[in-house]
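Peer 1: One point on numbering: in our numbering, the residue at position 573 of the sequence shown is 573, and numbering is uninterrupted. All C-beta atoms in this analysis are idealised placements derived from N, C-alpha and C, irrespective of residue type, glycine included.
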Amino acid sequence: MVVSRETTQAKLKVQIEAASRHKPSQHYTAADRYEEWAEKLPDHTALIWQGRKISYSELNASANQVAHLVLAKGLGRGDVAALIMENRPEFFFTWLGLAKAGVTIALINYQISGTALAHAIKTTGCKAVFAGSECLTHLTSISDFKFGLPIYVIQDGEHLVDVDIAQDIITDITQELSTHANSNPSEEIRLGLTAGDNLFFMFTSGTTGFPKAARMSHMRWLNTGEGMSALEGITKDDVFYCFLPLFHGAALQSLTSTAAAQGATILLRRKFSASNFVPDVRTHGVTAFQYVGEVCRYLMTIEMIEPVTTLRVAVGAGLGVDIWEPFQSRFKIDQIFEGWGATEANCGITNVDNKVGAVGRIPFKEMSNVRLVRYDIDTDQHIRNPDGTLIECEINETGEAIAMILDLLDSGAGHFEGYTDHEATEAKILRNVFQEGDAWFRSGDLLRRDANDYYYFIDRVGDTFRWKSENVSTQEVGTVLADFPDTLMVNCYGVKVPKHEGRAGMAALVLSDPSKFNPKEFYSFAMDRLPEYAVPLFLRLSPEPQLTATFKLRKVDLKRQGYSAELVSDPLYVRDNKAETFHPLSDATLEGVGLLPFQPDE
1 MVVSRETTQA
11 KLKVQIEAAS
21 RHKPSQHYTA
31 ADRYEEWAEK
41 LPDHTALIWQ
51 GRKISYSELN
61 ASANQVAHLV
71 LAKGLGRGDV
81 AALIMENRPE
91 FFFTWLGLAK
101 AGVTIALINY
111 QISGTALAHA
121 IKTTGCKAVF
131 AGSECLTHLT
141 SISDFKFGLP
151 IYVIQDGEHL
161 VDVDIAQDII
171 TDITQELSTH
181 ANSNPSEEIR
191 LGLTAGDNLF
201 FMFTSGTTGF
211 PKAARMSHMR
221 WLNTGEGMSA
231 LEGITKDDVF
241 YCFLPLFHGA
251 ALQSLTSTAA
261 AQGATILLRR
271 KFSASNFVPD
281 VRTHGVTAFQ
291 YVGEVCRYLM
301 TIEMIEPVTT
311 LRVAVGAGLG
321 VDIWEPFQSR
331 FKIDQIFEGW
341 GATEANCGIT
351 NVDNKVGAVG
361 RIPFKEMSNV
371 RLVRYDIDTD
381 QHIRNPDGTL
391 IECEINETGE
401 AIAMILDLLD
411 SGAGHFEGYT
421 DHEATEAKIL
431 RNVFQEGDAW
441 FRSGDLLRRD
451 ANDYYYFIDR
461 VGDTFRWKSE
471 NVSTQEVGTV
481 LADFPDTLMV
491 NCYGVKVPKH
501 EGRAGMAALV
511 LSDPSKFNPK
521 EFYSFAMDRL
531 PEYAVPLFLR
541 LSPEPQLTAT
551 FKLRKVDLKR
561 QGYSAELVSD
571 PLYVRDNKAE
581 TFHPLSDATL
591 EGVGLLPFQP
601 DE
């Protein structure tokens, strides 16, 4: 069914007006939002954790204790502190406490360790690290973890650790927190702080190198919540289910801000569990949740004797067209808000019409800053006019999504906040795109627009692919794997896997002596140095590197051949996590790890 353009525009107008309510110059921040609810709805449940209900007043009080401790440690407005912790109430207490002290929070992926973790901490200019005890081993995995920063540990009841191993560097503050006041810090503490200032640094993978720290202002966090809550019709009586990691934008930037906008409740789970989804929804009357595509696919596999009846809203990205309607029907979800955007993007599209497969609609193009431009995936370059300007895509033509950067007076609309690294920020900006002097944010995503102005996500461009809801930099993976003994060259890329969203990692290895390749040793090497989602699912042992005429690694042909035994004569392997090795690829070994044979594009 195609909804009228006017109806779509009316829905989007509500979102746009709400999402531009907060201005860069205002002094109302994320901290003020929670203090406001603690006053207006003191006994209303803010968090549910393992059956325990935490009210807004209790959440605010615990965050205040963190804030007073932070101030006592000498941190304050303009400083940056890293936070590495799994999902649990203390994550909320800590980030909000830091925000109350005017400190910017660098959100660290708790799956990373070693060099990647050290880079994340150093690149954000942190003055301290706040860590859950469950993540302490990650910090001690850094060879030079004595980098002069104090590490404050908050114990996790399920992962108690002894921090006396390096008492001069690491301090357990769990008991100390209880000695600090639970009253709101003085208003003077945040004097001069504005909504345009940094609230978070959220890491996002680019096309090269280590993940980059994207700036996230108080204004953007507030406006995200205002816009989405208005669009979804959220009230304080809604219950959100949060099982995605809180260091991720989907959980902390989208879900949390949306719940906080209306004083709603968040049911918090440490990690996603398909088997616990239905019991949790039933027990706590969950009405809304945030998903990534693979989550929905997992949920289609669980046994469900009685239907759930409370779910009203699902918000996310990557819901497969093949399971969209069955998923919505099975869980009796009134509205699915599939969207497209990025942590650092100055734009976003939301599907407000329940149009299957679409990430959104722009019914009147002139009212949006988003455009699609022609892109040659074989050369990884934009297609240009003779004068150098870019070419806008026609209907049903795939192109890269870009968004005009707007610098309107005291407005966040179309503003690109960029990264902590100036060069990385500039690399995401296209200039003189359609006319002299214009500037556009480059998304790195390929989309398609149909005749009714609905947009559909197609793929990522360049060297970054998405797997298990995470963006993976092929250069970063290749750099790590190149240290495997007797490896001459590594070429990493993403390949499509039937019945899975995104692309899985595949690596073509050039070894000095392929006959001596030990797949079990390679598995151990990769797993010790990379997050699981970044470890290639498939390997190809190539006799020589595949290079372009300009001596760049060739990827296009490798992607097309994928892990097809018919198209590839080189030895192929598939990862088996249960056996902790890579098996020679065959129909049997694919079936053994729950994968289907490769299907080349038509």
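1. When the distance is taken between beta carbons, is residue 132 closer than 8 Å to residue 85?
2. Evaluate residue 364 with the Cβ neighbour count: other Cβ atoms within 10 Å of its Cβ, from every protein chain shown; 16 or more gives buried, anything less gives exposed.
3. Apply the 10 Å Cβ neighbour rule to residue 304 and answer buried if 16 or more other Cβ atoms are within range, or exposed otherwise.
4. Which one of 574, 253, 599 and 580 has the shortest CA to CA distance from residue 588?
5. Expressed to the nearest angstrom, what Euclidean distance is found between the alpha-carbon atoms of residue 479 and residue 490?
6. Evaluate residue 130 with the Cβ neighbour count: other Cβ atoms within 10 Å of its Cβ, from every protein chain shown; 16 or more gives buried, anything less gives exposed.
7. Thinking C-alpha only, which one of 586, 577 and 553 is nearest residue 566?
8. Tell me which same chain residues have a C-beta within less than 7 Å of the C-beta of residue 95, skipping the five on either side of it?
9. For residue 473, which residues does DSSP report across the bridge?
10. Quick one, which of 202, 196 and 451 has its alpha-carbon nearest residue 24's?
11. Using C-beta distances below 7 Å, list every residue in its chain close to residue 75, excluding the 5 sequence neighbours before and after it, in chain order.
12. Would the stretch 251-264 count as touching the stretch 275-284 if we require 3 or more Cβ pairs under 8 Å?
13. Give me the Cβ distance between residue 91 and residue 246, rounded to the nearest whole Å; I'm assuming they're in contact under 8 Å.
14. Would you check if there are 3 or more beta carbon pairs closer than 8 Å linking the stretch 175-189 to the stretch 212-221?
15. Would you tell me roughly how many angstroms separate the C-alpha atoms of residue 121 and residue 418, rounded to the nearest one?
16. I'd like to know if the stretch 371-382 and the stretch 343-355 are in contact, where contact means that at least 3 CB-CB pairs between them fall below 8 Å.
17. List the whole-angstrom C-beta distance separating residue 511 from residue 528, where the pair is believed to meet the contact cut-off of C-beta under 8 Å.
18. Taking the beta carbon of residue 431 as the centre, do at least 16 other beta carbons fall within 10 Å, making it buried, or is it exposed?
19. Can you have a look at residue 385 and say buried or exposed, based on whether 16 or more other CB atoms are within 10 angstroms of its CB?
20. Distance check for residue 237 and residue 468, CA to CA, integer angstroms please.
21. With a threshold of 8 Å, are at least 3 pairs of Cβ atoms found where one atom belongs to the stretch 407-423 and the other to the stretch 218-238?
22. Using a threshold of 8 Å, state whether the C-beta atoms of residue 463 and residue 401 are closer than that.
23. Based on the DSSP secondary-structure assignment, which residues constitute the bridge partners of residue 457?
24. Let me confirm a value: residue 46 is counted as buried when at least 16 other C-beta atoms fall within 10 Å, else exposed. Which label applies?
25. Can you give me the C-alpha to C-alpha distance between residue 391 and residue 241, rounded to a whole angstrom?
26. So, for residue 498: in the same chain, excluding its five sequence neighbours on each side, which residues have a beta-carbon less than 6 Å away from its beta-carbon?
27. Comparing C-alpha positions only, which one of 231, 337 and 354 sits nearest to residue 14?
28. How long is the line joining the alpha carbons of residue 20 and residue 227, rounded to whole angstroms?
29. Just list the beta strand (DSSP E) runs in the stretch 196-248, keeping only unbroken ones of 3 residues or longer that don't cross its boundaries, in chain order.
30. Distance, Cα to Cα, residue 488 vs residue 560?
31. With residue 317 and residue 333 assumed to form a contact (beta carbons below 8 Å), what rounded beta-carbon distance in angstroms separates them?
32. Decide if residue 296 is buried, meaning its Cβ has at least 16 other Cβ atoms within 10 Å, or exposed.
33. Thinking C-beta only, is residue 447 closer than 8 Å to residue 454?
34. Within the same chain, show all residues whose beta-carbon is closer than 7 Å to that of residue 517, passing over the 5 residues directly before and after it, in chain order.
35. Taking DSSP's pairing of strands, which residues face residue 584 in a bridge?
36. Are the CB atoms of residue 505 and residue 492 within a distance shorter than 8 Å?
Peer 2: For this structure:
1. Yes.
2. Looking at its Cβ environment, which holds fewer than 16 other Cβ atoms inside 10 Å, residue 364 is exposed.
3. Residue 304 is exposed by the Cβ-count criterion.
4. Nearest C-alpha to residue 588: 574.
5. Rounded to whole angstroms, residue 479 to residue 490 spans 8 Å at the Cα level.
6. For residue 130, the number of other beta carbons within 10 angstroms of its own is at least 16, and it is reported as buried.
7. Considering only alpha carbons, the answer is 586.
8. So the list reads 83 and 105, once near-sequence residues are dropped.
9. Answer is 464, bridged to residue 473.
10. Just measuring C-alpha positions, the residue of 202, 196 and 451 sitting nearest residue 24 is 196.
11. Annotation for residue 75: 81, 101, 103, 127 and 128 place their beta carbon closer than 7 Å to its own, counting only its chain and skipping 5 residues before and after.
12. Touching, no.
13. 5 Å between Cβ atoms; contact.
14. Because the criterion of three Cβ pairs below 8 Å is not met, the stretch 175-189 and the stretch 212-221 do not touch.
15. Residue 418 has its alpha-carbon roughly 18 Å from the corresponding atom of residue 121.
16. No: the two stretches stay apart, fewer than three of their Cβ pairs being nearer than 8 Å.
17. Contact doesn't hold; Cβ gap of about 19 Å is too wide.
18. The residue is exposed, with fewer than 16 neighbouring Cβ atoms inside 10 Å.
19. Flag for residue 385 reads exposed.
20. Residue 468 and residue 237 have their C-alpha atoms spaced approximately 31 Å apart.
21. Contact between the stretch 407-423 and the stretch 218-238 is present: 3 or more CB-CB pairs across the two stretches fall below 8 Å.
22. It is not a contact, given that the beta carbons lie outside the stated cut-off.
23. BP columns for residue 457 point to 447.
24. Residue 46 is buried by the Cβ-count criterion.
25. When rounded, the distance between both Cα atoms is 42 Å.
26. Excluding residues within five positions, the ones whose Cβ falls inside 6 Å are 596 and 599.
27. Ranked by how close their Cα comes to the Cα of residue 14, the residues 231, 337 and 354 have 231 in first place.
28. In this structure, the CA atom of residue 20 is about 8 Å from the CA atom of residue 227.
29. Along the stretch 196-248, the beta strand (DSSP E) occurs as fully enclosed runs of 3 or more residues at 198-204, 212-217 and 239-242, listed in sequence order.
30. So the alpha carbons of these two residues sit roughly 23 Å apart.
31. That pair is no contact at about 15 Å.
32. Buried, since its Cβ has 16 or more Cβ neighbours within 10 Å.
33. Between residue 454 and residue 447, the CB-CB gap reaches or exceeds 8 Å.
34. Closer than 7 Å at the Cβ level, and outside the excluded window around residue 517, lie 511 and 541.
35. In the DSSP output, where bridge partners are listed per residue, residue 584 has 573.
36. Taking 8 Å as the Cβ cut-off, residue 492 and residue 505 qualify as a contacting pair.
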